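**Q**
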Amino acid sequence: MTQQHSSLAFRWALRLHPAAYRAEHEAELTAIYAEATQDASPLDRLREALDVAGHGLRRRTGLGSDRMAGQVLAQAAPLAVAVATGSFMAGLLWLFAPGVRTLPASSPTNVLSLANTGLTPLLWLAALAAVWTGRWTVARALVVPAMVLCLADVLLAAFASSGFHNTPSIAVIRLAVPLLTGAVVLTAPRDLLGSSLSQRRTIMGTTALAAVLVSGVQLVDMYYPFTLGVLSVTGPLWAGVLWAGVLAIALLFGTRNRLTVAGVAVAVLPTTLQVTVQLTPAGVVVLLLVLLSSTVPFLRARRRHFQSTPPSAA
568 MTQQHSSLAF
578 RWALRLHPAA
588 YRAEHEAELT
598 AIYAEATQDA
608 SPLDRLREAL
618 DVAGHGLRRR
628 TGLGSDRMAG
638 QVLAQAAPLA
648 VAVATGSFMA
658 GLLWLFAPGV
668 RTLPASSPTN
678 VLSLANTGLT
688 PLLWLAALAA
698 VWTGRWTVAR
708 ALVVPAMVLC
718 LADVLLAAFA
728 SSGFHNTPSI
738 AVIRLAVPLL
748 TGAVVLTAPR
758 DLLGSSLSQR
768 RTIMGTTALA
778 AVLVSGVQLV
788 DMYYPFTLGV
798 LSVTGPLWAG
808 VLWAGVLAIA
818 LLFGTRNRLT
828 VAGVAVAVLP
838 TTLQVTVQLT
848 PAGVVVLLLV
858 LLSSTVPFLR
868 ARRRHFQSTP
878 PSAA
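Here you go:
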């Protein structure tokens, strides 16, 4: 790639910004890009142009670091990776549990599906390690192939002997967690992402909690399938119910920061969607728990605001 092509990519990246913002900050963005790409390789120039393009898309969609939505996504991104990592690591139980695996390694499709089941958790684990160390560029780069593998796994399952048996909603549920998690991680403003000691503790606890909850549901589904009744076909479905209960407790008795509350809700949204997408009775309960427990901290914050505001002089 030549420098002319890099400049063309940068010009296209500038066009992604809102017109008013571009008119006011184009000179500043151009100077920053020129300084960052001085004596840089073509690949580095392209990466800087992509960063400018991402900044423009966040400004256009209201997901910038100065907007509420962007700040909520920054709170949710590390927790979303932790939830996905714990859930997919728990999925390895299905791969290694004796006498439980239902896909025989007798066809190329099944072999690819089994390999995918083992590789996807490793990618999420590597992404979590990158988040832990504050290397968000690496984390985002790892989340993309993890999402692609999850999509491939759904397609492979459609061709496998077990398939989905004319139940496309199962495919939707299986795609919801990785795709929504990836969207949260990829759209969070980079300048708000970091790695502090308190955040690391939260990430560790969230990952362990996700692994325990999903492992428990899968163990019941493996060895006591009739306990879950008709819901056994979706497996981790009841993990969403458990997550909703944990979320309700955390929001009701935990932090009073509205951004953190909203971030936690967004982080567990993909998992709770597994229940609410079908609007089963359990899904209605989950939806009500999430809504009610998310409302209480906002009401508390509003009450504190009025209590701390001195009455105006008559």
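Per our numbering, the very first residue in the sequence shown carries number 568; after that it's consecutive. Heads up, the beta-carbon is just placed ideally off N, CA and C, and yes, glycines get one too. Keep in mind that this is a model prediction, so the values were computed, not measured.
#1: Measuring CA to CA, which of L581, P585, V835 is closest to Y600?
#2: Going by DSSP, what residue range makes up the alpha helix (DSSP H) through H592?
#3: So what's G653 in DSSP terms, helix, strand or just coil?
#4: Determine the extent of the alpha helix (DSSP H) in which T613 is found, giving its start and end residues.
#5: In angstroms, rounded to a whole number, what distance separates the CA positions of L723 and T597?
#6: Would you decide whether S608 is buried or exposed? Buried here means 16 or more other CB atoms lie within 10 Å of its CB.
#7: If you draw a straight line from the C-alpha of W699 to the C-alpha of I770, how long is it?
#8: Could you work out which residue in W703, R702, P712 is closest to A689 when comparing CA atoms only?
#9: Taking all protein chains shown into account, decide if L575 is buried (16 or more other Cβ within 10 angstroms of its Cβ) or exposed.
#10: Taking the Cβ atom as the reference point for each residue, do A706 and V648 lie within a distance shorter than 9 Å?
#11: Is D633 helix, strand or coil when you go by DSSP?
#12: On a CA-only basis, which of L610, T754, V779, P645 is nearest G623? Give me that one, please.
#13: Which of the three DSSP states is assigned to R702 in this structure?
#14: Just to confirm, are H584 and R634 a CB contact at a threshold of 9 Å?
#15: Relative to the C-alpha of R625, which residue among V828, R757, V833 is closest?
#16: Which residue's Cα is closest to the Cα of V752: R768, G637, V781, R825?
#17: Run through DSSP, which three-state label would S763 get?
#18: Would DSSP call P745 helix, strand or coil?
#19: Have a look at T838, V833, L613 and flag the residue whose alpha-carbon is nearest the alpha-carbon of Q642.
#20: Buried or exposed: which applies to G772, given that a residue is buried once 16 or more other Cβ atoms fall within 10 Å of its Cβ?
#21: Check each candidate in L660, A644, R612, V721 and name the one with the smallest Cα separation from A697.
#22: Compare the beta carbon distance of A750 and T652 with 9 Å and say whether it is the shorter of the two.
#23: According to DSSP, is P756 part of a helix, a strand, or is it coil?
#24: To the nearest angstrom, report how far apart L748 and A603 are at their CA atoms.
#25: Which whole-angstrom value is the C-beta distance of A511 and V639, which I expect to be below 8 Å?
#26: Using the three-state DSSP reduction, which class does L581 fall into: helix, strand or coil?
**A** This is what the structure holds:
#1: Counted from its first residue, the sequence shown places residue 600 at position 33. Nearest C-alpha to Y600: L581.
#2: As a position in the sequence shown, residue 592 is number 25, starting the count at 1. If you look at H592, you'll find it in the alpha helix (DSSP H) that goes 586-603.
#3: Looking up residue 653 in the sequence shown gives position 86. G653: helix per DSSP, three-state reduction.
#4: For this step, residue 613 is matched to residue 46 along the sequence shown. Inspection of the sequence shows that residue 613 is occupied by Leu rather than by Thr. DSSP places L613 inside the alpha helix (DSSP H), whose first and last residues are 609-628.
#5: For this step, residue 723 is matched to residue 156 along the sequence shown. For this step, residue 597 is matched to residue 30 along the sequence shown. Those two C-alpha atoms are separated by around 45 Å.
#6: Numbered from its first residue, the sequence shown carries residue 608 at position 41. Its Cβ having fewer than 16 others within 10 Å, S608 is exposed.
#7: Start at 1 with the first residue of the sequence shown, and residue 699 comes out as number 132. Start at 1 with the first residue of the sequence shown, and residue 770 comes out as number 203. A direct Cα-to-Cα measurement between W699 and I770 gives close to 8 Å.
#8: Walking along the sequence shown from the start, residue 689 turns up at place 122. The question names Ala, but residue 689 in the sequence shown is Leu. For the options W703, R702, P712, the alpha carbon positioned closest to that of L689 is the one of P712.
#9: Mapped onto the sequence shown, residue 575 falls at position 8. Looking at its Cβ environment, which holds fewer than 16 other Cβ atoms inside 10 Å, L575 is exposed.
#10: Counted from its first residue, the sequence shown places residue 706 at position 139. Counted from its first residue, the sequence shown places residue 648 at position 81. When the beta-carbon positions are compared, A706 and V648 come within less than 9 Å of each other.
#11: The residue labelled residue 633 in the question sits at position 66 within the sequence shown. DSSP places D633 outside both helix and strand once states are collapsed to three, so it counts as coil.
#12: Counting from 1 along the sequence shown, the entry for residue 623 is found at position 56. Here the closest residue by C-alpha is T754.
#13: As a working note, residue 702 is residue 135 in the sequence shown. Looking at R702 - three-state DSSP - the assignment turns out to be coil, as it is neither helix nor strand.
#14: Here the question's residue 584 lines up with position 17 in the sequence shown. Here the question's residue 634 lines up with position 67 in the sequence shown. Their beta carbons are not under 9 Å apart, which means H584 does not touch R634 by this criterion.
#15: As a first step, residue 625 is located in the sequence shown; it is residue number 58 there, counting from the start. The shortest CA-to-CA distance from R625 to any of V828, R757, V833 is the one to R757.
#16: Within the sequence shown, residue 752 is the residue found at index 185, counting from 1. Relative to V752, the option among R768, G637, V781, R825 whose CA is nearest is G637.
#17: Along the sequence shown, one-based indexing puts residue 763 at 196. Three-state DSSP puts S763 in coil, outside helix and strand.
#18: For the purposes of this step, residue 745 is taken as the residue at position 178 of the sequence shown. It is helical.
#19: As a first step, residue 642 is located in the sequence shown; it is residue number 75 there, counting from the start. Taking Q642 as reference, the option from T838, V833, L613 with the minimal CA-CA separation is V833.
#20: Sequence index remark: in the sequence shown, residue 772 carries index 205 (1-based). By the 10 Å Cβ count, G772 comes out exposed.
#21: Locating residue 697 in the sequence shown gives position 130, where the first residue counts as 1. That would be A644, whose Cα lies nearest to the Cα of A697.
#22: What you label residue 750 is simply residue 183 of the sequence shown in a count that begins at 1. What you label residue 652 is simply residue 85 of the sequence shown in a count that begins at 1. Taking 9 Å as the Cβ cut-off, A750 and T652 do not qualify as a contacting pair.
#23: As a first step, residue 756 is located in the sequence shown; it is residue number 189 there, counting from the start. P756: coil per DSSP, three-state reduction.
#24: By 1-based counting over the sequence shown, the position of residue 748 is 181. By 1-based counting over the sequence shown, the position of residue 603 is 36. Checking the sequence shown, residue 748 turns out to be Thr, not Leu. Each residue's alpha carbon lies about 30 Å from the other.
#25: Coverage of the chain is limited to positions 568 through 881, which leaves residue 511 absent and any answer about it impossible.
#26: Counting from one through the sequence shown, the residue named residue 581 turns up at place 14. Here L581 sits in helix by DSSP.
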